[in-house]
Ligand SMILES: [Zn+2]
């Protein structure tokens, strides 16, 4: 809402500096977004006197003038206007001045003669609509003085952010009332007088409201014999100050009253409306399917049944509350005007405006709510002004169809409760006086105030709404700060939340950095990755995505993490270690809300750190990811768990596994399949894993039990088994453990060897590999002798060889 | 030549060789040459038993003196050589202490989650628990029960992401359905109040979604932190005091806080909370747009209509709620110029915080 301070001062005394007004408005709920001082735009426009006016030698329609602008030498100016003579005073834009249109005045040659400035029309200065000739000023205008100063154009425009609950502040008078309450000043009401004449409106216009829910009130007046023309300067200036464009006197008046009082009005050309037996019938009704209307902006609109129209006998003539029709608009030929001042349902106007993508000053106000009580007052105000400016006679009376009269609400404000609610001690008479300044009449009743809320404040429905009115004017800054005193509260994180934090701590300790990815997903990518959805499961689809690449919700963090890897590589970063803890989504037929799961995803690419001096960087692979996973699961106390070879479309065969904890698959780990890396434009291998966080939490033990610390020394013996390549390290280790009881206390794999493919010299039989283990034997109660251990060890090795088909490496 | 004389001669010779031994090995060779089993001195000493008994004490004394002198010289020379050797080793092992240390750099937590955790910790300290809700929400929780009228502009399909309803629910003409990506964390308020009677002290951080094109100051997905307190006797002053405490904890003890009345559908009264600009201390400068204040959150007393939806008696209980954007706080606190950096996963960005 643009508020001209000059205009505002008509209704309320603003006797504080602008800065203070802004501060007070800010702190009472009307944020001032911007303060613009106007008039400065006309910098460089001064008052000049035409000394000589001669015919331009090379152009019939131009004159060549000498103009005194208070400088030593008069300026020579070429001019196209004809409505002035020598001795007249006119505004002169000097070289360098910029006019509101954006035009910057330059020294220029016009048909061979140099022009040193420009004499201006009202329209060129943005102070009126008259573009037909120069703005000739009164004789007492001081030559050389800045025009803006002389014309009193200096104004301050406040750009207010009016919150949706305050439709009353969408008018100059409404803002004045608010400012009055804020500054403690009384407001002055606008004044007018209306002298009706001629035949009463009742016999000429009939109004019918078909759907009173959508139109609680409709009024019409007639003004006959209007002379359409440009508005006077003061009116045009006001329209410009409010941010609109002057059109003609009748339309400008309707806009003026809209800005002044907040009531949208519409003027119809009466003679363009269908008439039957001398009677103009206005019907307010829902549009019929397929009906069309060409609105004032020249666009033909297809209407639907949930839109409200104003119709005459022949069809729709206006889109109620949004915009008038082109065929019935007031034009230069208009003589008689039918003035509509009505009230429409907020939701209906909002729907219509949104459906058509058509927003007007009128629709903006109706969708916030316009006080139905205002309709008749504003109509009278506008009729009086039209008659004053455009001549014409206002027909006596008003057609006033008001099926749903607005009622002032009565609300009891319990002052003790208000103070208990706010934590204040505001006296009831102080509260009463704040409310009175806001237009709310209250009567004391014991400790309470019985309040009558005016119809222009539809937002005040409940007692608590009045608390807000009191505290915002009284001053939120005066409310003492306290902390809640409740006794029954215990703060803290629950187990799952603590676990999630712990996961982050461990992964960061492993060197991974946290990423936050978007939840959006491209279904083609999901297909390319080959993520398996469960039986009957589907991706979650957005109805209004921003793009086809973001049309669904993700089912895995992997694609987003691969994107990040690719982006990093494009920026020349090749060592990438990322993790993300976030939600993934799946739905199924019959579900309203999808299933949301929290997953932990991680990717490793490049080396841990290639930018160092102390060792050769090593390409990260499967086992680096597995190492991170081991660290994490170990820290969380997940036991037992193992990796199981598994086929996943998005992982490279042979380097692809499921993570199985306590018999449940809780995620996967592997190296990303080469074709997928290519699709994501990633260079080099990426090792990745993803775990279901809730499953992880289930598998994590709560409490660890103490285990005896060994008191007696161990005996360590190493053994290298040669096994067929398809035998896994886990199989051998499991066999060792199963035969090791009770003395075997620890088994560690410390070497793996296989002849490289195509090696000239074979050290092992074809198709085998060697796995070397270090075995530790220990008894809890005594020191073992070498001999005792050797016997046990040899038997164990023997049985392992039989079990897994191994031989010993020589 | 008498034995004593030859002992003295051997001693002088040994002492000279000891003094000249260049390293421990040569020194050991000298020791073996004189004191070893076949050493020169040992041989002389061995010859002592063949001496007449009356000569033995004198020669024995001399021989002991000679052996002691040689051994002492050996020990002394050994100490010197060892000191030299150690000194040489130390010299050889000297490093350039300015070379970087060997390390595996720790990973970093995302700045947004650092902020969230920091705020969570402040409120846990004030006795709050952490609540969560679904990111795909029902219109009911996101709008209706939060007192948003059916025509509220935030419900438009231009602003809110709507989700295909697989249960066969209707889709509106403007693509609105009853299922959506939550546009704020406030629906968690409703879910908590539905499940739990007061006293309620919860904080609900989480992702939210709005249909904005990503640009320096907008993201289609961002992070909000919602707070809700419902108890007997909760006042607007409690809200004010709580937020002042929070702002000072997060932004610093010297920052000032102000509440500006505002409007939100689900709180009444409502306010926006500003914190004084760190750059200018409230006088107005470029970083605060000349205002001296930076808006950091929205808040208010829980609207009785919201209480009605969840069946809490608004005469007995009062409460307050507040919500803030972690991205905005990150941008203000750390001077992040472009919010898109927060979702790109650029290691160079992530490793800064
Ligand atoms: Zn500042």
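Protein chains in written order, with the numbering used here: chain A, 104 to 913; chain B, 818 to 1170.
Note that CB positions come from ideal geometry on N, CA and C, so glycine has one too.
Keep in mind it's a predicted model, so treat the numbers as computed, not measured.
Across the structure, residue 1130 of chain B and residue 1137 of chain B are spaced so that their CA atoms are roughly 14 Å apart. Set against 8 Å, the gap from the CB of residue 1104 of chain B to the closest heavy atom of ligand 1 is smaller. Here residue 881 of chain B is exposed, its C-beta having fewer than 16 other C-beta atoms within 10 Å.
A check of alpha carbon separations from residue 605 of chain A across A:649, A:567 and A:737 identifies A:737 as the nearest. A contact is defined here as three or more CB-CB pairs under 8 Å, and the stretch 485-503 of chain A meets this definition with respect to the stretch 316-331 of chain A. In terms of side-chain proximity, the C-beta atom of residue 1091 of chain B is found no nearer than 8 Å to any non-hydrogen atom of ligand 1. The Cβ of residue 1043 of chain B sits no closer than 9 Å to any Cβ of chain A. Residues of the same chain with a CB within less than 6 Å of the CB of residue 116 of chain A, apart from the 5 flanking positions on each side, are 288 in chain order. Against chain B, a Cβ distance below 9 Å from residue 134 of chain A picks out 1077, 1079 and 1089.
When C-beta distances to chain B are compared with 8 Å, the residues of the stretch 598-611 of chain A below that value are 600, 604, 607, 610 and 611, in chain order. Distances taken from the Cβ of residue 372 of chain A to the heavy atoms of ligand 1 include none shorter than 8 Å. In the three-state scheme derived from DSSP, where H, G and I count as helix and E and B as strand, residue 307 of chain A is classed as coil. Beta-bridge analysis with DSSP links residue 1093 of chain B to B:1110. By the CB criterion at 9 Å, residue 770 of chain A and residue 799 of chain A fall inside the cutoff. Apart from sequence neighbours up to five positions away, the residues of its chain that approach residue 156 of chain A with a beta-carbon distance below 6 Å are 166, 168 and 189, ordered along the chain.
By the 16-neighbour rule on beta-carbons within 10 angstroms, residue 510 of chain A is exposed. Residue 649 of chain A has its Cβ no nearer than 8 Å to any heavy atom of ligand 1. In the DSSP assignment, residue 1010 of chain B falls within the unbroken alpha helix (DSSP H) covering 1003-1012.
Residue 841 of chain A sits exposed, since fewer than 16 C-beta atoms from the chains shown fall within 10 Å of its C-beta. Neighbourhood of residue 854 of chain B in chain A, by CB distance below 9 Å: empty, with the nearest CB roughly 36 Å away. By the C-beta criterion, the stretch 671-687 of chain A is judged to be in contact with the stretch 607-618 of chain A, since at least 3 inter-stretch pairs fall below 8 Å. For chain A, the residues of the stretch 1150-1166 of chain B that bring a beta carbon within less than 7 Å of one of its beta carbons are 1159, 1160, 1161, 1162, 1163, 1164 and 1165, in chain order. Near chain A, meaning a CB-to-CB distance below 7 Å, the residues of the stretch 964-982 of chain B are 967, 968, 973, 974, 978, 979, 980, 981 and 982. Against chain B, the CB of residue 717 of chain A has a partner CB under 9 Å away; the residue lies at that interface. Within the stretch 921-947 of chain B, contact with chain A at the beta-carbon level (separation under 8 Å) is assigned to 921, 922, 923, 924, 925, 926, 927, 929, 930, 934, 937, 940, 941, 942, 943, 944, 945, 946 and 947. Residue 413 of chain A and residue 460 of chain A have their C-alpha atoms spaced approximately 19 Å apart.
Here residue 1162 of chain B has no same chain residue with a Cβ atom under 8 Å from its own Cβ, once five neighbours each way along the sequence are excluded. Inter-segment contact for the stretch 1146-1164 of chain B and the stretch 1030-1039 of chain B is present: three or more beta-carbon pairs are separated by less than 8 Å.
When Cβ-Cβ separations below 9 Å define contact, residue 1026 of chain B makes contact with chain A. Within the stretch 688-703 of chain A, 688, 690, 691, 692, 693, 694, 695, 696, 697 and 699 place their CB atoms closer than 7 Å to a CB of chain B, listed in sequence order. Around the beta carbon of residue 337 of chain A, a 10 Å sphere encloses fewer than 16 other beta carbons of the protein chains shown; the residue is thus reported as exposed. Counting of Cβ neighbours within 10 angstroms places residue 1110 of chain B among the buried residues, the total reaching 16 or more. At least one CB atom of chain A sits nearer than 9 Å to the CB of residue 1053 of chain B. When the five nearest sequence neighbours on each side are left out, the beta carbons in the same chain lying within less than 7 Å of the beta carbon of residue 742 of chain A are those of 804, in order along the chain. For residue 554 of chain A, the enclosing beta strand (DSSP E) begins and ends at 551-556. For residue 290 of chain A, DSSP records a beta bridge to A:115.
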